[in-house]
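Q: Residue numbers (the numbering used here): 95 to 460. Just so you know, even glycine gets a beta-carbon here, dropped at the ideal spot from N, CA and C. Treat the numbers as computed from the prediction; the structure is a model and nothing was measured. Sharing a structure below in structure tokens format, with a few things to ask.
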């Protein structure tokens, strides 16, 4: 990673891209407001352990500058309550997140904060309570969620950062803070989500609150969850989705239509709500396929009427496999960004009419 080279796969891709037509996004208001995001929760640890990021020319450069050159305009940061110092599954404490958010905002990035309400990863398979909250009764957990959210956002505000979006929980199809906040007890889960929502609005009324599930292509999952959340009086502004065809063990072309339909259904079924693809990723070695997937996902989100499709965030694009072991980054083994990220520079193509074939995405010259 510290001695860049022009890898064979990169050479082949560039030859293909050179044959394409350069088509960059116009500086319209819509293009400027659409979030082209990167979750960079590992960045601080990568830098601390000496990982060197290289730009396309093979020059060492700040990762944020490299991402901005790929079209990224928004940064997502996860928050753990009292994390360990493990390089991959720890860090991301409130203090560390404030420092990273201040740095990102200072460079002109918009900021999303993702509360896990755990000391480590929270996702569909695990939603462990923070150790300090483990013995707390439900009434105290409500206070814990409010205070942790309020205090973190207050610290961000004091540093000059007002997040544009805040997630109350991370991939919570089964709920959060198990077992009390499990979907088996939706009234309690709704109270926890609402406490997080209220804490966000107390600090920053204009910040949009996201409730985030996995499997963005699974409309039945989303209808079931959000029907119950709304029936119980839950408060939220945005439906957040993850979309990982890699974990579905199929090409994105097999599920992109379902993602598109789900995005449209959410804004129709829940009036006044918006949608965002809060996480997306693909095998870093499948460069052409990842590029095409990112173009297709952006098209799907942009096609949501009235600008209610807010954006797309790649999860840990900078998290090179040589450092993280993560297969779905968007960083080459040579320490440079994958050309797949140039999909964030490409102008969106119009959606095909029903029954018409989709146009091939035009690719920018590298």
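#1: Go to residue 420, then tell me how far its beta strand (DSSP E) extends in each direction, as first and last residue.
#2: Do you know offhand how far residue 416's Cα is from residue 348's?
#3: Around the Cβ of residue 133, are there at least 16 other Cβ atoms within 10 angstroms (buried) or fewer (exposed)?
#4: In angstroms with no decimal places, state the Cα-to-Cα distance between residue 207 and residue 188.
#5: Give me the Cα-Cα distance between residue 306 and residue 219, rounded to the nearest whole angstrom.
#6: For residue 209 versus residue 263, is the C-beta distance shorter than 8 Å?
#7: Could you tell me which residues DSSP pairs with residue 409 in its beta bridges?
#8: Let me know the alpha helix (DSSP H) ranges lying completely inside the segment 270 to 324, each 4 residues or longer, listed in chain order.
#9: With respect to the alpha helix (DSSP H) encompassing residue 236, which residues constitute its N-terminal and C-terminal limits?
#10: In the DSSP output, what is residue 336 paired with across the bridge?
#11: Can you grab the Cα-Cα spacing for the pair residue 66 / residue 196, in whole Å?
#12: Using the beta-carbon count (16 or more within 10 Å), is residue 278 buried or exposed?
#13: Kindly indicate which residue of 360, 385, 434 has the alpha-carbon position closest to the one of residue 321.
#14: Among residues of its own chain, excluding the 5 on either side of residue 260, which ones have a beta-carbon nearer than 6 Å to its beta-carbon?
#15: So, at 7 Å on beta carbons, what are the nonlocal neighbours of residue 255 in its own chain, with the 5 sequence-adjacent residues on each side left out?
#16: Let me know if residue 464 comes out buried or exposed under the rule of 16 or more other beta-carbons within 10 Å of its beta-carbon.
#17: With H, G and I counted as helix, E and B as strand and the rest as coil, what does DSSP make of residue 123?
#18: Quick one: using the 10 Å Cβ neighbour count with 16 as the cut-off for buried, is residue 201 buried or exposed?
#19: Please name the residue or residues paired with residue 361 in a DSSP beta bridge.
#20: In whole angstroms, what is the alpha-carbon distance linking residue 372 and residue 265?
#21: Among 440, 238, 308, 157, which residue has its Cα nearest to the Cα of residue 176?
#22: Over the uninterrupted alpha helix (DSSP H) stretch that includes residue 207, give me the two end residues.
#23: Considering only C-alpha positions, which residue in the set 350, 335, 193 is nearest to residue 368?
#24: Determine the extent of the beta strand (DSSP E) in which residue 160 is found, giving its start and end residues.
A: Based on what the coordinates show:
#1: Where residue 420 is concerned, there is no enclosing beta strand (DSSP E), given that its DSSP letter is neither H nor E.
#2: 30 Å
#3: buried
#4: 10 Å
#5: 14 Å
#6: yes
#7: 133
#8: 280 to 297
#9: 232 to 252
#10: 373
#11: The requested residue 66 is not part of the displayed model; the chain covers only 95 to 460.
#12: exposed
#13: 360
#14: 207, 294, 301, 303
#15: 195, 196, 199, 205
#16: Here the chain comprises residues numbered 95 to 460, so residue 464 is not present and cannot be evaluated.
#17: For residue 123, the predicted model reports a pLDDT of 39, less than 50, meaning its position is unreliable; a value from the coordinates is still stated below. In the structure shown, residue 123 sits in a helix (DSSP, three-state: H, G or I).
#18: exposed
#19: The partner list for residue 361 (beta bridge, DSSP) is empty, contrary to what the question assumes.
#20: 10 Å
#21: 238
#22: Note, residue 207: premise wrong, no alpha helix (DSSP H); beta strand (DSSP E) at 204 to 209.
#23: 335
#24: Segment 157 to 163 is the alpha helix (DSSP H) holding residue 160; no beta strand (DSSP E) there.
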